[in-house]
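Accompanying notes for the structure given below.
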Amino acid sequence: MADYVPDPARAEEQQQQQREEQKPPWCDLLPELLELVSLRLSAPDFSSFRRVCASWRSVPNPALRPPPPSAAFFRPGGTPILATVHDDFCAFFDPIHNAALRVTDLPELAGSRLRAAGAGDWLLLSRGRWEVFFFNVSARVTVRLPDLDMFSAAVACFSGAPDSPGCTVITASHSMLEIHVLKRGESAWTFREFEHKRSYTANCAPVTLGESCYFLRSKGHAVGFNYEEWEDVGDDGYYYYDVYVDRPEPLRKWRRGGIDQCYLAEDDGELLAVILGYAESRVSVFRLDLRAGTWRKVDRLENKMMFVSQGSSLVVDATVPGAGNKIYLPKSRGGRGIFYSLAANRFHTFLDDFPWRRSEFIKDVKPSCAWIQVPAGARNIRPFTW
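See the structure below:
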(Lines of atoms letter the chains of each structure in order from A and count residues from 1; the text may use other names and numbers.)
(Lines give C-alpha, C1' and ligand atoms only; values in the text may rest on other atoms or scores of the structure.)
Protein backbone atom coordinates (compact mmCIF):
# COMPACT_ATOMS: atom_id res chain seq x y z
CA MET A 1 0.00 0.00 0.00
CA ALA A 2 1.36 3.36 -0.99
CA ASP A 3 2.31 5.83 1.73
CA TYR A 4 -0.09 8.77 2.24
CA VAL A 5 1.41 11.99 1.00
CA PRO A 6 -0.46 15.10 2.23
CA ASP A 7 -1.35 17.66 -0.38
CA PRO A 8 -0.13 21.06 0.89
CA ALA A 9 -2.50 22.93 -1.39
CA ARG A 10 -5.46 20.89 -0.22
CA ALA A 11 -4.49 21.35 3.43
CA GLU A 12 -4.18 25.10 2.98
CA GLU A 13 -7.58 25.20 1.31
CA GLN A 14 -9.16 23.33 4.23
CA GLN A 15 -7.53 25.63 6.76
CA GLN A 16 -8.72 28.67 4.85
CA GLN A 17 -12.25 27.24 4.81
CA GLN A 18 -12.11 26.68 8.57
CA ARG A 19 -10.94 30.24 9.13
CA GLU A 20 -13.79 31.55 6.98
CA GLU A 21 -16.32 29.47 8.91
CA GLN A 22 -15.00 30.80 12.21
CA LYS A 23 -15.35 34.40 11.09
CA PRO A 24 -18.44 36.23 12.36
CA PRO A 25 -21.04 37.18 9.73
CA TRP A 26 -20.16 40.30 7.76
CA CYS A 27 -23.16 42.07 9.23
CA ASP A 28 -22.24 41.20 12.82
CA LEU A 29 -20.83 44.61 13.71
CA LEU A 30 -20.38 46.16 17.11
CA PRO A 31 -23.54 47.96 18.31
CA GLU A 32 -21.49 51.09 18.95
CA LEU A 33 -20.31 51.10 15.33
CA LEU A 34 -23.84 50.55 14.02
CA GLU A 35 -25.11 53.51 16.04
CA LEU A 36 -22.32 55.74 14.71
CA VAL A 37 -23.19 54.76 11.14
CA SER A 38 -26.91 55.31 11.73
CA LEU A 39 -26.34 58.87 12.93
CA ARG A 40 -24.94 59.81 9.51
CA LEU A 41 -27.89 58.44 7.52
CA SER A 42 -30.95 60.26 6.28
CA ALA A 43 -34.29 59.02 7.58
CA PRO A 44 -35.08 57.01 4.39
CA ASP A 45 -31.58 55.50 4.37
CA PHE A 46 -31.87 54.57 8.04
CA SER A 47 -35.15 52.81 7.33
CA SER A 48 -33.40 50.71 4.64
CA PHE A 49 -30.36 50.25 6.89
CA ARG A 50 -32.44 48.49 9.57
CA ARG A 51 -33.86 46.06 7.01
CA VAL A 52 -30.48 44.69 5.89
CA CYS A 53 -30.36 41.91 8.47
CA ALA A 54 -31.99 40.88 11.73
CA SER A 55 -29.16 42.08 13.97
CA TRP A 56 -29.30 45.59 12.51
CA ARG A 57 -32.93 45.91 13.49
CA SER A 58 -31.77 46.18 17.09
CA VAL A 59 -30.19 49.56 16.38
CA PRO A 60 -32.31 52.02 18.38
CA ASN A 61 -34.32 54.59 16.49
CA PRO A 62 -32.64 57.95 17.06
CA ALA A 63 -35.47 60.25 18.13
CA LEU A 64 -33.63 63.19 16.61
CA ARG A 65 -30.20 63.72 15.15
CA PRO A 66 -27.81 65.87 17.20
CA PRO A 67 -28.58 69.55 16.44
CA PRO A 68 -26.15 70.81 13.78
CA PRO A 69 -24.84 74.38 13.66
CA SER A 70 -27.30 76.85 12.18
CA ALA A 71 -25.11 77.39 9.12
CA ALA A 72 -25.11 73.65 8.37
CA PHE A 73 -28.81 73.26 9.12
CA PHE A 74 -29.83 76.00 6.68
CA ARG A 75 -27.53 74.85 3.90
CA PRO A 76 -28.24 76.24 0.41
CA GLY A 77 -30.14 73.82 -1.77
CA GLY A 78 -30.98 71.55 1.16
CA THR A 79 -34.26 69.75 1.74
CA PRO A 80 -37.31 71.69 3.00
CA ILE A 81 -37.46 72.59 6.69
CA LEU A 82 -40.57 73.13 8.77
CA ALA A 83 -40.43 76.47 10.60
CA THR A 84 -42.61 77.08 13.65
CA VAL A 85 -42.57 80.41 15.50
CA HIS A 86 -43.32 80.32 19.23
CA ASP A 87 -43.52 83.20 21.70
CA ASP A 88 -39.89 83.03 22.82
CA PHE A 89 -38.17 80.66 20.38
CA CYS A 90 -38.31 79.22 16.87
CA ALA A 91 -38.29 75.52 16.04
CA PHE A 92 -36.99 74.07 12.78
CA PHE A 93 -37.43 70.44 11.73
CA ASP A 94 -35.93 68.55 8.79
CA PRO A 95 -37.99 65.34 8.29
CA ILE A 96 -35.68 63.90 5.64
CA HIS A 97 -32.63 63.96 7.90
CA ASN A 98 -34.64 63.68 11.12
CA ALA A 99 -32.92 66.74 12.58
CA ALA A 100 -34.33 69.51 14.74
CA LEU A 101 -33.02 72.91 15.74
CA ARG A 102 -34.32 75.19 18.48
CA VAL A 103 -33.27 78.84 18.18
CA THR A 104 -33.77 81.16 21.14
CA ASP A 105 -31.65 84.15 20.06
CA LEU A 106 -34.15 85.67 17.61
CA PRO A 107 -35.47 88.77 19.39
CA GLU A 108 -36.73 90.05 16.02
CA LEU A 109 -39.48 87.40 16.12
CA ALA A 110 -40.50 87.71 19.77
CA GLY A 111 -44.28 87.79 20.12
CA SER A 112 -44.88 87.42 16.39
CA ARG A 113 -47.19 85.14 14.43
CA LEU A 114 -46.08 83.31 11.31
CA ARG A 115 -48.40 84.08 8.41
CA ALA A 116 -46.71 82.65 5.32
CA ALA A 117 -43.39 81.61 3.80
CA GLY A 118 -42.00 81.68 0.29
CA ALA A 119 -39.17 82.61 -2.07
CA GLY A 120 -36.88 80.19 -0.29
CA ASP A 121 -36.45 81.13 3.36
CA TRP A 122 -38.46 84.34 3.68
CA LEU A 123 -41.13 84.49 6.39
CA LEU A 124 -44.10 86.86 6.48
CA LEU A 125 -45.10 87.63 10.06
CA SER A 126 -47.32 89.92 12.09
CA ARG A 127 -47.03 91.24 15.62
CA GLY A 128 -49.90 92.67 17.56
CA ARG A 129 -52.76 93.96 15.47
CA TRP A 130 -50.96 96.25 13.04
CA GLU A 131 -47.30 95.35 12.59
CA VAL A 132 -46.39 93.32 9.48
CA PHE A 133 -42.85 92.40 8.45
CA PHE A 134 -40.63 90.02 6.49
CA PHE A 135 -37.78 88.03 8.02
CA ASN A 136 -35.09 86.08 6.18
CA VAL A 137 -34.08 83.04 8.20
CA SER A 138 -30.53 82.44 6.96
CA ALA A 139 -29.49 86.11 6.63
CA ARG A 140 -31.52 87.30 9.66
CA VAL A 141 -32.74 90.37 7.81
CA THR A 142 -35.97 92.10 8.88
CA VAL A 143 -38.03 94.26 6.51
CA ARG A 144 -40.91 96.29 7.96
CA LEU A 145 -44.07 96.71 5.84
CA PRO A 146 -46.77 99.39 6.11
CA ASP A 147 -49.19 98.77 8.97
CA LEU A 148 -52.27 96.67 8.30
CA ASP A 149 -55.10 95.56 10.54
CA MET A 150 -54.22 91.85 10.65
CA PHE A 151 -57.05 90.96 13.02
CA SER A 152 -59.23 89.67 10.17
CA ALA A 153 -56.42 88.28 7.98
CA ALA A 154 -56.66 84.50 7.82
CA VAL A 155 -54.32 83.55 4.96
CA ALA A 156 -51.49 85.30 3.13
CA CYS A 157 -48.85 84.83 0.46
CA PHE A 158 -46.30 86.82 -1.56
CA SER A 159 -45.34 86.52 -5.20
CA GLY A 160 -41.54 86.47 -4.98
CA ALA A 161 -38.50 87.43 -2.97
CA PRO A 162 -39.26 90.61 -0.97
CA ASP A 163 -36.05 92.22 -2.22
CA SER A 164 -37.13 91.79 -5.85
CA PRO A 165 -38.91 94.70 -7.64
CA GLY A 166 -42.04 92.71 -8.51
CA CYS A 167 -42.86 91.30 -5.07
CA THR A 168 -46.55 91.57 -4.15
CA VAL A 169 -48.06 90.64 -0.77
CA ILE A 170 -51.66 89.42 -0.56
CA THR A 171 -53.80 88.76 2.53
CA ALA A 172 -57.38 87.53 2.70
CA SER A 173 -60.02 87.19 5.38
CA HIS A 174 -61.33 83.77 6.36
CA SER A 175 -64.41 84.32 4.19
CA MET A 176 -62.19 85.47 1.30
CA LEU A 177 -64.37 88.56 0.87
CA GLU A 178 -61.77 91.09 2.06
CA ILE A 179 -58.50 91.18 0.13
CA HIS A 180 -55.51 93.43 0.83
CA VAL A 181 -52.65 93.81 -1.66
CA LEU A 182 -49.30 95.56 -1.25
CA LYS A 183 -46.76 95.94 -4.06
CA ARG A 184 -43.06 96.58 -3.59
CA GLY A 185 -42.43 100.27 -3.03
CA GLU A 186 -46.01 101.14 -2.03
CA SER A 187 -46.63 102.87 1.28
CA ALA A 188 -50.22 101.72 1.78
CA TRP A 189 -52.24 98.56 1.23
CA THR A 190 -54.90 98.37 -1.50
CA PHE A 191 -58.26 97.04 -0.26
CA ARG A 192 -60.80 95.21 -2.39
CA GLU A 193 -64.12 93.74 -1.28
CA PHE A 194 -65.33 90.72 -3.21
CA GLU A 195 -68.92 89.67 -3.91
CA HIS A 196 -70.95 88.17 -1.06
CA LYS A 197 -73.06 85.71 -3.04
CA ARG A 198 -70.81 82.74 -2.29
CA SER A 199 -69.10 81.70 0.90
CA TYR A 200 -65.60 80.40 0.21
CA THR A 201 -63.82 79.89 3.54
CA ALA A 202 -60.06 79.69 2.95
CA ASN A 203 -57.80 77.88 5.41
CA CYS A 204 -54.50 77.43 3.57
CA ALA A 205 -51.97 79.74 1.96
CA PRO A 206 -52.94 80.96 -1.52
CA VAL A 207 -50.56 80.54 -4.46
CA THR A 208 -49.49 83.12 -7.06
CA LEU A 209 -48.93 82.16 -10.69
CA GLY A 210 -47.94 84.97 -13.01
CA GLU A 211 -50.17 87.92 -12.15
CA SER A 212 -52.94 85.81 -10.63
CA CYS A 213 -53.57 84.61 -7.10
CA TYR A 214 -55.39 81.33 -6.43
CA PHE A 215 -57.18 80.16 -3.29
CA LEU A 216 -58.35 76.68 -2.33
CA ARG A 217 -61.66 76.65 -0.53
CA SER A 218 -62.08 74.38 2.48
CA LYS A 219 -64.51 72.20 0.50
CA GLY A 220 -62.17 71.78 -2.45
CA HIS A 221 -63.27 74.59 -4.78
CA ALA A 222 -60.62 76.85 -6.35
CA VAL A 223 -60.96 80.57 -7.07
CA GLY A 224 -58.52 83.09 -8.49
CA PHE A 225 -58.15 86.71 -9.56
CA ASN A 226 -55.66 88.93 -11.35
CA TYR A 227 -54.10 91.19 -8.73
CA GLU A 228 -52.47 93.45 -11.34
CA GLU A 229 -55.57 94.57 -13.22
CA TRP A 230 -58.47 94.68 -10.74
CA GLU A 231 -60.94 95.27 -13.56
CA ASP A 232 -63.67 92.75 -12.81
CA VAL A 233 -66.07 94.99 -10.89
CA GLY A 234 -69.80 94.24 -10.88
CA ASP A 235 -72.74 96.63 -10.89
CA ASP A 236 -72.99 96.13 -7.14
CA GLY A 237 -69.55 97.65 -6.63
CA TYR A 238 -67.95 94.36 -5.54
CA TYR A 239 -65.04 92.64 -7.22
CA TYR A 240 -65.52 89.18 -8.70
CA TYR A 241 -63.11 86.27 -9.00
CA ASP A 242 -61.84 85.62 -12.53
CA VAL A 243 -61.58 81.88 -11.94
CA TYR A 244 -64.01 79.54 -10.23
CA VAL A 245 -63.48 75.76 -10.40
CA ASP A 246 -65.87 73.37 -8.71
CA ARG A 247 -64.45 70.78 -6.34
CA PRO A 248 -63.03 67.56 -7.83
CA GLU A 249 -65.64 64.95 -8.73
CA PRO A 250 -64.33 62.27 -6.27
CA LEU A 251 -64.81 64.66 -3.33
CA ARG A 252 -68.54 64.83 -3.98
CA LYS A 253 -68.78 61.23 -2.83
CA TRP A 254 -67.13 61.99 0.50
CA ARG A 255 -69.46 62.25 3.44
CA ARG A 256 -70.50 65.71 4.53
CA GLY A 257 -67.75 67.40 6.52
CA GLY A 258 -65.25 64.73 5.42
CA ILE A 259 -62.53 67.25 4.50
CA ASP A 260 -60.38 68.28 7.46
CA GLN A 261 -57.35 69.85 5.81
CA CYS A 262 -56.61 71.07 2.29
CA TYR A 263 -53.48 72.56 0.78
CA LEU A 264 -52.50 74.22 -2.48
CA ALA A 265 -49.04 74.16 -4.09
CA GLU A 266 -47.34 75.15 -7.32
CA ASP A 267 -45.63 72.46 -9.39
CA ASP A 268 -43.84 73.54 -12.59
CA GLY A 269 -46.37 76.26 -13.33
CA GLU A 270 -49.42 74.17 -12.39
CA LEU A 271 -51.50 73.88 -9.22
CA LEU A 272 -51.71 70.80 -7.03
CA ALA A 273 -54.35 70.40 -4.32
CA VAL A 274 -53.98 68.01 -1.39
CA ILE A 275 -57.12 66.98 0.48
CA LEU A 276 -56.95 65.20 3.85
CA GLY A 277 -60.02 63.56 5.29
CA TYR A 278 -60.09 62.03 8.75
CA ALA A 279 -63.36 60.20 8.21
CA GLU A 280 -62.09 58.94 4.86
CA SER A 281 -58.70 57.91 6.33
CA ARG A 282 -56.93 58.93 3.17
CA VAL A 283 -55.20 61.68 1.26
CA SER A 284 -56.18 62.70 -2.26
CA VAL A 285 -54.14 64.77 -4.72
CA PHE A 286 -55.54 66.63 -7.72
CA ARG A 287 -53.96 68.70 -10.50
CA LEU A 288 -55.86 71.74 -11.75
CA ASP A 289 -56.22 72.37 -15.47
CA LEU A 290 -56.81 76.13 -15.50
CA ARG A 291 -57.71 76.26 -19.19
CA ALA A 292 -60.37 73.56 -18.96
CA GLY A 293 -61.43 74.48 -15.43
CA THR A 294 -61.25 70.85 -14.29
CA TRP A 295 -59.34 68.72 -11.78
CA ARG A 296 -57.40 65.56 -12.60
CA LYS A 297 -56.66 62.88 -10.01
CA VAL A 298 -52.96 62.37 -9.28
CA ASP A 299 -51.97 58.87 -8.15
CA ARG A 300 -48.19 59.28 -8.19
CA LEU A 301 -45.71 62.08 -7.62
CA GLU A 302 -42.95 59.99 -9.21
CA ASN A 303 -39.64 61.23 -7.77
CA LYS A 304 -41.08 64.37 -6.22
CA MET A 305 -41.75 65.23 -2.60
CA MET A 306 -44.63 67.40 -1.44
CA PHE A 307 -44.50 69.35 1.82
CA VAL A 308 -47.80 70.81 3.02
CA SER A 309 -48.70 73.33 5.72
CA GLN A 310 -51.09 76.22 6.22
CA GLY A 311 -48.29 78.75 5.80
CA SER A 312 -46.79 77.33 2.60
CA SER A 313 -46.66 74.14 0.55
CA LEU A 314 -43.76 73.01 -1.64
CA VAL A 315 -43.20 70.45 -4.40
CA VAL A 316 -39.53 69.58 -4.95
CA ASP A 317 -37.45 66.83 -6.53
CA ALA A 318 -36.34 64.08 -4.17
CA THR A 319 -32.59 64.22 -3.55
CA VAL A 320 -32.50 61.25 -1.17
CA PRO A 321 -33.39 57.72 -2.38
CA GLY A 322 -36.71 56.56 -0.97
CA ALA A 323 -37.98 60.06 -0.17
CA GLY A 324 -40.02 60.62 -3.34
CA ASN A 325 -43.71 59.97 -4.05
CA LYS A 326 -44.61 61.08 -0.53
CA ILE A 327 -46.52 63.94 1.09
CA TYR A 328 -44.89 65.30 4.24
CA LEU A 329 -47.25 66.65 6.87
CA PRO A 330 -46.48 69.57 9.21
CA LYS A 331 -46.33 67.22 12.16
CA SER A 332 -44.00 64.78 13.87
CA ARG A 333 -44.64 61.81 16.13
CA GLY A 334 -42.07 61.13 18.81
CA GLY A 335 -39.62 63.36 16.98
CA ARG A 336 -40.21 61.58 13.67
CA GLY A 337 -41.71 63.26 10.65
CA ILE A 338 -45.03 61.89 9.42
CA PHE A 339 -45.69 61.43 5.72
CA TYR A 340 -48.31 59.87 3.49
CA SER A 341 -47.03 57.33 0.98
CA LEU A 342 -48.89 57.45 -2.32
CA ALA A 343 -47.43 54.04 -3.19
CA ALA A 344 -48.86 52.35 -0.08
CA ASN A 345 -51.78 54.75 0.51
CA ARG A 346 -50.89 54.84 4.19
CA PHE A 347 -49.34 57.13 6.79
CA HIS A 348 -45.80 56.32 7.90
CA THR A 349 -42.68 57.60 9.53
CA PHE A 350 -39.31 56.45 8.25
CA LEU A 351 -38.38 55.10 11.66
CA ASP A 352 -41.41 52.98 12.45
CA ASP A 353 -41.83 49.36 11.51
CA PHE A 354 -45.57 49.42 10.87
CA PRO A 355 -47.69 51.92 8.98
CA TRP A 356 -50.88 53.49 10.28
CA ARG A 357 -54.15 53.08 8.50
CA ARG A 358 -55.96 55.54 10.74
CA SER A 359 -55.05 59.20 10.45
CA GLU A 360 -55.80 60.34 13.98
CA PHE A 361 -53.25 63.13 13.66
CA ILE A 362 -54.91 64.84 10.69
CA LYS A 363 -57.04 66.95 13.02
CA ASP A 364 -53.95 67.91 15.01
CA VAL A 365 -51.64 69.43 12.39
CA LYS A 366 -49.81 72.59 13.39
CA PRO A 367 -51.73 75.72 12.36
CA SER A 368 -48.89 78.25 12.63
CA CYS A 369 -45.99 76.84 10.66
CA ALA A 370 -44.57 76.90 7.15
CA TRP A 371 -42.03 75.08 4.99
CA ILE A 372 -38.90 76.90 3.88
CA GLN A 373 -36.01 75.89 1.62
CA VAL A 374 -32.80 77.87 1.38
CA PRO A 375 -32.15 78.46 -2.35
CA ALA A 376 -29.00 77.09 -3.93
CA GLY A 377 -26.41 79.59 -5.07
CA ALA A 378 -24.88 82.68 -3.56
CA ARG A 379 -27.11 85.49 -2.32
CA ASN A 380 -26.39 88.89 -0.87
CA ILE A 381 -29.38 89.77 1.29
CA ARG A 382 -29.04 93.08 3.08
CA PRO A 383 -31.51 95.23 5.01
CA PHE A 384 -33.61 97.42 2.74
CA THR A 385 -36.64 99.67 2.87
CA TRP A 386 -39.86 98.39 1.38
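In the UniProt record's numbering, the protein residues as written are 1 to 386.
Positions of the beta carbon are idealized from the N, C-alpha and C atoms, including for glycine.
Keep in mind the model is a prediction, meaning the values are calculated, not measured.
- Take H221, set aside five residues on each side of it, and the residues of its chain with a beta-carbon closer than 8 Å to its own are Y200, Y244, V245, D246, R247, in chain order.
- DSSP places L109 in the helix class (H, G or I) of the three-state scheme.
- Around the beta carbon of A370, a 10 Å sphere encloses 16 or more other beta carbons of the protein chains shown; the residue is thus reported as buried.
- Boundaries of the beta strand (DSSP E) around G224: 222-226.
- Scanning its chain for C-beta atoms nearer than 6 Å, with the 5 sequence neighbours on each side dropped, one finds around S313 the residues Y263, A265, in chain order.
- The C-beta of D163 has 16 or more other C-beta atoms within 10 Å across all chains shown, which makes the residue buried.
- Secondary-structure assignment with DSSP links C213 through a beta bridge to T208, F225.
- Counted as a single uninterrupted DSSP element, the beta strand (DSSP E) harbouring L271 occupies residues 270-277.
- Taking the Cα of T142 as reference, the smallest distance to any Cα among L106, G77, R336 is reached at L106.
- In the structure shown, R144 adopts extended strand secondary structure according to DSSP, grouped into three states.
- For G337, the enclosing beta strand (DSSP E) begins and ends at 336-341.
- Contact between the stretch 95-111 and the stretch 322-339 is present, with at least three C-beta pairs closer than 8 Å.
- Contact holds between the stretch 143-163 and the stretch 118-133, because three or more Cβ pairs, one in each stretch, are under 8 Å apart.
- Collapsing the DSSP output to three states places K253 in a helix.
- Three or more Cβ pairs closer than 8 Å define a contact, and the stretch 209-218 falls short of that threshold against the stretch 321-328.
- Of the other Cβ atoms in all chains shown, 16 or more fall within 10 Å of the Cβ of A156; this residue is therefore buried.
- Each of N380, E131, V308, G118 was checked against the Cα of Q373, and the nearest Cα belongs to G118.
- By the Cβ neighbour-count rule, P80 is buried, with 16 or more other Cβ atoms within 10 Å of its own.
- Buried is the label assigned to P330, since at least 16 other Cβ atoms lie within 10 Å of its Cβ.
- Of G166, Y240, S187, F158, the smallest CA-CA separation from E178 is found for Y240.
- Here the alpha carbon of T190 sits roughly 33 Å from the alpha carbon of V316.
- According to DSSP, residue pairing for D317 in a beta bridge involves K304.
- Spatial neighbours of N226 in its own chain (CB-CB distance under 7 Å, excluding positions within 5 residues in sequence) are listed in chain order as E211, S212, D242.
- Close CB contacts of L271 within its chain, under the 8 Å cut and outside five residues either way in sequence, are with V207, L209, Y214, A222, L264, A265, R287, L288, L290 (chain order).
- When the alpha-carbon of R102 is set against those of G111, A343, F89, N325, the nearest one is in F89.
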